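In this note's numbering, the protein residues as written are 4 to 240.
Don't be surprised by glycine CBs; every beta carbon is placed ideally from N, CA and C.
Being a predicted model, the structure only gives us computed values, none of them experimental.
One structure is given here, and the rest of the page talks about it.
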């Protein structure tokens, strides 16, 4: 009998974000699969899980997904990773692949789960706490209220792209924004909205940052910007 594949979101940083469902599966898994950009590299997701569980008797398997600009290289790497997982499943092992945040939001696990399903193996997606939800909670703000519309987008390429999104939506979440802070700030400055954005970085981790957006800010990969068109003031009831 074939094993089952689980794509499991573990939240953005603090082990306390791991859901009870995720914890149960991690504890019972035959194999914990860790997606990495290259074999031997540090995995933030695994570091979080390692803090929460005793894994000394667990079989840990890295699954390499190369982040090349060449699409053919990415697809070939993904194919090899899927073949490796399929071999474990074929041998009857249940595989839990862990990923930061939620599986359904810009996650490599989404691609893998689709292919595993297409190969005919039983699979399940287990949601986790999205990083931008945890970030909003830490910042003490809501993402949307009443009839407000919310947009969740990846890092912007141009100020014009962001301007269009802000015009269309009441609130905007920009993920993976670390390298684009200057573009985001410039756009907000042109719109007179620099006081309408908060930067969150490494939420739930030791180096967590939550602060108003500023010019020439320097942040890492795990950076999210939350923009609220109506600002952060508390309205009268």
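Please specify which runs of the beta strand (DSSP E), each continuous and at least 3 residues long, are wholly inside the segment 186-235, giving them in chain order.
-> 200-204, 212-215 and 226-231
Around the C-beta of residue 224, are 16 or more other C-beta atoms found within 10 angstroms, so that it is buried, or is it exposed?
-> On the chain shown, residue 224 is found 221 positions in, with the first residue counted as 1. By the neighbour-count rule (16 or more Cβ atoms within 10 Å), residue 224 is not buried but exposed.
Collapsed DSSP secondary structure at residue 178 in the structure displayed | Along the chain shown, one-based indexing puts residue 178 at 175. Of the three classes helix, strand and coil, the one that applies to residue 178 here is coil, per DSSP.
Ends of the alpha helix (DSSP H) at residue 121?
-> Taking the first residue of the chain shown as position 1, residue 121 is located at position 118. 111-121 is the extent of the alpha helix (DSSP H) around residue 121.
Span separating the alpha-carbon of residue 53 from that of residue 185 = Here the question's residue 53 lines up with position 50 in the chain shown. Here the question's residue 185 lines up with position 182 in the chain shown. Residue 53 and residue 185: Cα-Cα distance of roughly 35 Å.
When the Cα atoms are used, what is the spatial distance from residue 5 to residue 97?
-> Here residue 5 is taken as the residue at index 2 of the chain shown, counted from 1. Here residue 97 is taken as the residue at index 94 of the chain shown, counted from 1. One C-alpha to the other measures close to 8 Å.
Validate contact between the segment 36-46 and the segment 214-224 using beta carbons, cut 8 Å, 3 pairs = no
Under three-state DSSP, which class holds residue 75?
-> Stepping through the chain shown from its first residue, residue 75 is reached at position 72. Helix.
In whole angstroms, what is the alpha-carbon distance linking residue 124 and residue 235?
-> For the purposes of this step, residue 124 is taken as residue 121 along the chain shown, with counting starting at 1. For the purposes of this step, residue 235 is taken as residue 232 along the chain shown, with counting starting at 1. C-alpha separation (whole angstroms): 47 Å.
Inter-residue Cα distance where the pair is residue 92 and residue 26 | Translated into the one-based positions of the chain shown, residue 92 becomes position 89. Translated into the one-based positions of the chain shown, residue 26 becomes position 23. Cα-Cα distance, rounded: 20 Å.
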